[in-house]
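For this note's numbering, count along the sequence shown from 1 and bump the result up by 448.
Have a look at the structure below before the remarks.
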Amino acid sequence: MSDYKVEMINDGMQEFYVDFHGPRDSPYLGGVWRIRVELPDAYPYKSPSIGFVNKIYHPNVDEMSGSVCLDVINQTWSPMFDLVNVFEVFLPQLLLYPNPSDPLNGEAAALMMRDRAAYEQRVKDVRNGVVMDLRRDGGNGVVELFNGVEASLCTPLSSYPLAVLGNSDGSS
């Protein structure tokens, strides 16, 4: 895991964040996602809990919680697997080959099946932090960005500081 930025949570060794880069040959290329990892007491005999902290648009990732629908982590985990498998094989495969027939995000699954090009553009827009949650627009032209900062519909996103659009440390 030496190629990954890892940040420990609290003082223990069982909870931490890993910065995960989107795989090549995918619309996720260029994106960096913070993954929260929780290791159970019975690890490696019991699977780790894996979840996306920042927003990702994917049929098999819950849009609200960031939880991942991935059989190898949730159901068929083996003590032969380790965290290197998770970050170098399982998560890249999930992003490269979404399964819209078993979605946690029904909207992403439906768009992917209906219009692959529009789905990939939406992935890139979310990856780049340029999509606002229009469902929060109360008809007054104000919408809420991902982390709760309000913006006018006519305000260009480039006028906001990077901390609003990306991670809290100012990176995107």
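Beta carbons: idealized from backbone N, C-alpha and C, even for Gly.
All figures in this text were calculated on a predicted structure; none of them were measured in a lab.
Cutoff 7 Å: residue i Cβ touching any chain B Cβ
i: Gly-554; result: No chain B is present in this structure, which holds just one protein chain.
Which of helix, strand or coil DSSP assigns to residue i
i: Met-456; result: strand
i: Ala-599; result: In this predicted model, Ala-599 has a pLDDT of only 36, less than 50, meaning its place in the structure is not dependable enough to derive any value.
i: Phe-464; result: strand
i: Glu-511; result: coil
i: Val-485; result: strand
i: Ile-521; result: helix
For residue j and residue i, the rounded distance between their alpha carbons
i: Val-566; j: Pro-507; result: Val is not the amino acid found at residue 566; the sequence shown has Ala there. So the alpha carbons of these two residues sit roughly 14 Å apart.
i: Asn-547; j: Glu-455; result: 30 Å
i: Asp-489; j: Gly-514; result: 22 Å
i: Leu-539; j: Gly-460; result: 24 Å
i: Val-590; j: Gly-554; result: Bear in mind that the predicted position of Val-590 carries a pLDDT of just 41, short of 50, making it too unreliable to give a figure here.
i: Arg-562; j: Val-574; result: 19 Å
i: Asp-451; j: Val-532; result: 10 Å
i: Leu-518; j: Asp-550; result: 10 Å
i: Met-528; j: Phe-464; result: 21 Å
i: Tyr-491; j: Tyr-545; result: 27 Å
i: Arg-564; j: Asn-576; result: 18 Å
i: Gln-569; j: Gln-541; result: 19 Å
Reference residue i, options the options, closest by Cα
i: Val-571; options: Ser-515, Pro-496 and Gly-479; result: Gly-479
i: Val-466; options: Ile-457, Arg-472, Ser-474 and Asp-473; result: Ile-457
i: Val-501; options: Tyr-491, Lys-494, Met-512 and Pro-492; result: Met-512
i: His-469; options: Gln-462, Ala-556, Glu-536 and Phe-529; result: Glu-536
i: Trp-525; options: Tyr-493, Gly-499 and Leu-539; result: Tyr-493
i: Asp-530; options: Tyr-545, Val-485 and Gln-569; result: Val-485
i: Ile-483; options: Val-534, Tyr-545, Asp-473 and Met-560; result: Val-534
i: Lys-453; options: Trp-481, Ser-474 and Asp-473; result: Trp-481
Residue i: first and last residue of the uninterrupted alpha helix (DSSP H) it sits in
i: Gly-623; result: An answer regarding residue 623 cannot be provided, because it is not within the stretch 449 to 620 covered by the chain.
i: Pro-626; result: With the chain represented from 449 up to 620, any question about residue 626 goes unanswered, as that position is not in the structure.
Proximity of residue i and residue j at Cβ, strictly below 7 Å
i: Leu-543; j: Pro-471; result: yes
i: Glu-556; j: Tyr-505; result: Here the sequence assigns Ala to residue 556, which means Glu is not the residue at that position. Closer than 7 Å, so yes.
i: Ile-498; j: Val-516; result: yes
i: Gln-523; j: Leu-487; result: no
i: Asp-510; j: Leu-559; result: no
Start-to-end residues for the beta strand (DSSP E) that takes in residue i
i: Ile-498; result: 497-500
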